[in-house]
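Colleague: Each residue of the sequence shown is one higher than the one before, counting from 34 in the working numbering. Beta carbons are placed, not taken as given, at the ideal position from N, Cα and C, and that holds for glycine.
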Amino acid sequence: MPGRSGDGRELARRELVSLEVEVVSSTDPTLAGTKGTVIDETKNTFTIRSASGDKVVPKKVSVFRFTLPSGKTVTLAGRSLNLRPEDRLAG
């Protein structure tokens, strides 16, 4: 699974709510391939608004591909983001 690249460290210090995201892989096969917008974040989960509705995706067992406003994509293992958002942003 991917860890953190330089871009990943930068991404980990920014607000992730409102970014486009895709679940690249997950131990829950029903979540893999989910695409949408991050609408909420907790220590352990992202809520993603997809075309088929809102899905709560556990960070620890998933890999995410985020699309930044610039159009650049960054792929990160969710376990590297498994912090409370306010703690991660203070980082």
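Cβ of Glu53 within 8 angstroms of Cβ of Thr100?
Modeller: Against a cut-off of 8 angstroms, the Cβ pair of Thr100 and Glu53 comes out as a contact.
Colleague: Since Leu116 is in the beta strand (DSSP E), which residue starts that stretch and which ends it?
Modeller: Per DSSP, Leu116 belongs to no beta strand (DSSP E) and is neither H nor E.
Colleague: Please go through the region 62-92 and give each complete beta strand (DSSP E) segment of 3 or more residues, from N-terminal end onward.
Modeller: With a minimum length of 3 residues, the continuous beta strand (DSSP E) runs that stay inside the region 62-92 are 68-74, 78-83 and 86-91.
Colleague: For a test of the three-state rule: what should DSSP assign to Leu122, helix, strand or coil?
Modeller: In the structure shown, Leu122 sits in a helix (DSSP, three-state: H, G or I).
Colleague: Thinking C-beta only, is Lys92 closer than 8 angstroms to Asn77?
Modeller: Going by C-beta atoms, Asn77 is nearer than 8 angstroms to Lys92.
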